[in-house]
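Q: Can you read through this structure? Questions will come right after.
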Amino acid sequence: MSAAAAVHGVDAGPSGALAGAGMRVAGTDVDTSHGPILYLDGVSVSFDGFKALNNLSLTIDDGELRCIIGPNGAGKTTMMDVITGKTRPDAGTAFFGQTIDLAQLTEAEIAHAGIGRKFQKPTVFERHSVFENLELAMKADKRARTAVRARLSGADLERIAETLELIQLRDQVHRPAGLLSHGQKQWLEIGMLLMQEPRLLLLDEPVAGMTDEETLRTAELCQSLAGRHSVVVVEHDMDFIARIARKVTVLHEGSVLAEGPMDTVQADPRVIEVYLGR
Ligand code: ADP
Ligand code: MG
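Taking the working numbering, the leading residue of the sequence shown gets 369, the next gets one more, and so forth.
Structure, rendered in structure tokens:
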């Protein structure tokens with residue numbers, strides 16, 4: 369059991385703010401009764417005639433931790449841009465759960481519906497403490513009942529404590545975020561996303577620029593997120609991927625080249641060709 373789950377266990381407060389099993393329900397109902405939380409079907413994106421995504425179809429199960437790998441230019445970031453509404457596909461469909469057609473929503477509405485995205489560069493409020501960063505992220509969440517000026521409730525404090533534990537920054541809680549290491553800033557930003565209770569979390573190259581020790585701790589963090597959230601991790605660092613991988617999808621030239629357990633994918637001649645042939 370993770371530390372966060374332990375916190376849930378001891379304080380599932382009467383407000384219901386901390387729902388059972390650590391899974392909180394986002395403001396918009398995401399219908400995952402058929403299993404998947406994300407469906408991409410036949411998605412294509414062209415930039416000046418160049419197909420960054422080419423008939424991409426992909427399904428992510430609810431609670432899954434999925435790793436996406438692939439050479440530079442394979443379309444990994446573009447895929448995240450499509451899921452978050454930053455880029456609109458020329459063809460194909462993207463659904464969040466059974467019923468939410470992402471093409472019908474703005475970027476803000478997609479975030480509000482429960483899809484959180486971590487970009488490569490950390491964007492924390494440097495002058496504010498770790499605690500304040502988490503607090504601000506929670507209050508920025510339109511779903512939260514807490515008004516910006518209102519005092520934090522016991523349940524709010526519990527959520528912050530739980531997140532601090534998960535991102536392993538409890539001993540840094542009063543430090544200005546600007547003084548954190550690069551890795552710690554990345555964790556803080558993940559924590560800030562978690563305060564908004566996403567159902568699906570997209571992490572683009574989370575361990576880029578991290579020390580080996582920080583990379584290991586990020587692997588632990590990803591593993592403890594799985595099950596509580598659905599997580600899609602794009603990463604180049606194969607040691608990191610091997611550490612956290614369950615199901616791996618290899619993208620190449622905008623489509624799925626291979627998918628399956630890490631060892632199967634790594635042994636796939638087409639995958640070897642794509643990685644070695646460069
Ligand atoms: P990855 O994240 O897998 O490295 P990207 O999704 O960033 O790949 O890019 C896929 C391809 O699309 C690349 O060839 C890239 O140059 C191109 N591309 C991405 N975004 C744009 C854009 N806004 N305009 C033109 N080309 C783009
Ligand atoms: Mg990229």
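From the three backbone atoms N, C-alpha and C, an ideal C-beta is built for every residue, glycine too.
(1) Straight-line CA distance for E627 to A635?
(2) Assess, as a yes-or-no matter, whether the region 530–542 is touched by the region 492–500 under the definition of 3 or more beta carbon pairs within less than 8 Å.
(3) Look up R434 in the DSSP assignment and give the residues it is bridged to.
(4) Within 10 angstroms of the Cβ of G410, are there 16 or more other Cβ atoms? Answer buried if so, exposed if not.
(5) So the beta strand (DSSP E) G410 belongs to, where does it begin and stop?
(6) Quick one: does the C-beta of T445 sit closer than 7 Å to a heavy atom of the ligand MG?
(7) If you draw a straight line from the C-alpha of V375 to the C-alpha of R527, how long is it?
(8) Output the distance between the C-alpha atoms of D397 and I483, rounded to the nearest integer angstrom.
(9) If you measure from the CB of D605, is any heavy atom of the ligand MG nearer than 7 Å?
(10) Going by beta-carbon coordinates alone, are L569 and H597 separated by less than 8 Å?
(11) What do you get for A471, buried or exposed, if any count of 16 or more other CB atoms within 10 angstroms of its CB means buried?
(12) DSSP three-state label for D469, please.
(13) Return yes when the Cβ of I436 is within less than 8 Å of the Cβ of L593, no when it is not.
(14) Can you tell me whether DSSP reads F608 as helix, strand or coil?
(15) Should A420 be counted as a contact of the ligand ADP given a C-beta to heavy atom distance under 7 Å?
(16) State buried or exposed for R614, treating a residue as buried only when at least 16 other CB atoms are found within 10 Å of its CB.
(17) Round the Cβ separation of E557 and T452 to the nearest angstrom and send it over; I've been treating them as touching at under 8 Å.
(18) Can you give me the C-alpha to C-alpha distance between L644 and R638, rounded to a whole angstrom?
(19) Run through DSSP, which three-state label would A385 get?
(20) Look at the alpha carbon of F463 and the alpha carbon of T531, and state the distance between them as a whole number of angstroms.
(21) What are the partner residues of K486, as DSSP defines its beta bridges?
A: The short version:
(1) Cα to Cα, the separation comes out at about 12 Å.
(2) yes
(3) V600 and K615
(4) exposed
(5) G410 -> beta strand (DSSP E) spans P404 to F415.
(6) yes
(7) In this prediction, V375 has a pLDDT of 32, which is less than 50 and means its spatial position is unreliable; what the coordinates show is noted afterwards. Cα to Cα, the separation comes out at about 9 Å.
(8) Going from the Cα of D397 to the Cα of I483 covers about 12 Å.
(9) no
(10) yes
(11) exposed
(12) strand
(13) no
(14) helix
(15) yes
(16) exposed
(17) At roughly 15 Å, the Cβ-Cβ gap does not stay under 8 Å, so E557 and T452 are not in contact.
(18) 10 Å
(19) No answer about A385 holds up, because its pLDDT of 34 lies below 50 and its placement is not dependable.
(20) Taking the straight line from one Cα to the other gives about 28 Å.
(21) L571
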